[in-house]
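Take a look at the structure set out below.
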Amino acid sequence: MNIAIVGIGLIGGSIGIRLKETKTFDKIIGVEKNEINQKKAIQLGLVDEIESLEDAIKSSHVIVLTIPVDAIMSILPGILDVVTTQVIIDMGSTKSNILNLIKDHPNRGRYVAAHPMAGTEYSGPEAAIPDLFKDKMMVYVEAFRSDEDAFDAADSITEQLEMKSSFMTAEEHDMHTAYVSHISHLTSFALALTVLEKEKSQGRIFELAGSGFQSTVRLAKSSPDMWTPIIKQNKSNVLEVLKEHIKQLQYIHDKIEKEDYDAVYKWMKKSNKIKRIIK
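To convert, count from 1 in the sequence shown and add 11; that's my numbering.
Dropping the structure here:
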């Protein structure tokens, strides 16, 4: 039994590495438009061979989509048009628009909506690592609409990746990811631009940049090719969380301006409650 991974970057490549270790599939096929990435994926041993999407669908039992969400929306209906017993797993970071797009497709049951809550700020085949998913959360969205055998195939891969599982509706997923993932990236992009705009000499910045700054701004190294479609597809939730974030920043700006440091202390102390959630 073969698996095809469409998009051999951080996520797709890391899936390929891990599944090669577990020897779950006879062959791991890569589908990748970028010729440089094709060569890297083969050289790094992320996949066994490269095929076109059309050929990969014919030769594989499982097709995993690890490409930007706009690209998933573009190709998913066409894939569903031609599959029979194959399983399609979409691992995009937003779900509502994708699920609405194919909700009435006659082959909807062959599709599983999943989102691995794992990643780094790096992209491309060389960013792939074998233990990226270990102990992380795989979120299944509207799993009840997938055929039982299709879900079982997806869940088997989740087990091979050594991940935990969670189940959500599309609305829940997109709202929660806006708060715990999407806002983190936007904040990091904004902080990077704030510092770069104020401090024209990047060299001098990094003479002083400690681990706190580096950990906060590291997500600004993330790929715009991946993140612009995510923000586009989750616009309403992202705007909601940005509104609250801007409100918090405006509040602390005003308290500092008024030299109300008792309020600043209380604001920080209140934020410490996050320790109850994140150890």
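Ideal Cβ placement from N, Cα and C applies to all residues, glycine included.
Span of the beta strand (DSSP E), counted from its first residue to its last, around residue i
i     : result
Asn13 : Asn13 to Val17
Beta-bridge pairing of residue i - partner residues as DSSP gives them
i      : result
Val191 : According to DSSP, which records beta bridges pairwise, Val191 is partnered with nothing at all.
Phe178 : Tyr151
Met128 : Met148
Tyr122 : Ile99
Reference residue i; option with closest CA among the options
i      : options                           : result
Lys31  : Val275, Val152 and Ile16          : Ile16
Asp66  : Arg229, Glu43 and Pro141          : Glu43
Thr96  : Ile68, Ile78 and Leu110           : Ile68
Thr169 : Lys51, Thr180 and Asp146          : Asp146
Met174 : Asp142, Met186 and Ser199         : Asp142
Leu57  : Ser63, Asn48 and Leu64            : Asn48
Ser70  : Arg119, Gln261, Met12 and Leu197  : Met12
Ala138 : Ser25, His264 and Glu268          : Ser25
Leu76  : Asp265, Leu110, Leu112 and Gly23  : Gly23
Met148 : Glu159, Val191 and Tyr262         : Val191
Glu46  : Ile61, Asp81 and Glu270           : Ile61
Leu260 : Arg29, Thr198 and Ser226          : Thr198
Arg119 : Gly135, Pro136 and Ala161         : Ala161
Val80  : Lys246, Lys50 and His72           : Lys246
Thr33  : Met84, Lys281, Ser167 and Met279  : Ser167
Asp92  : Asp115, Ser107, Lys254 and Asn108 : Asp115
Lys232 : Leu64, Tyr133 and Tyr262          : Tyr133
Asn108 : Ala82, Val94, Ile90 and Ser234    : Ala82
Val94  : Ser226, Ile140 and Leu64          : Leu64
Where the alpha helix (DSSP H) containing residue i begins and where it ends
i      : result
Ala164 : Glu159 to Gln171
Leu260 : Lys246 to Glu268
Lys232 : Counting along the chain, Lys232 falls outside any alpha helix (DSSP H), and DSSP gives it neither H nor E.
Asp273 : Tyr272 to Ser282
Asn111 : Ser107 to Ile113
Within 8 angstroms, strictly: CB atoms of residue i and residue j
i      : j      : result
Phe36  : Ile53  : no
Arg121 : Ile99  : yes
Val249 : Ile257 : no
Val123 : Ser157 : yes
Thr239 : Asp185 : no
Leu172 : Ser195 : no
Ala125 : Met102 : yes
Ile78  : Gly41  : no
Thr131 : Leu202 : no
Thr180 : Val152 : yes
Phe144 : Pro127 : yes
Pro88  : Leu112 : yes
Ala164 : Val73  : yes
Lys281 : Ala274 : no
Worksheet item: In chain order, which continuous runs of the beta strand (DSSP E) of length 3 or greater are located wholly inside the stretch 19-104?
Response: 38-42, 73-76 and 98-101
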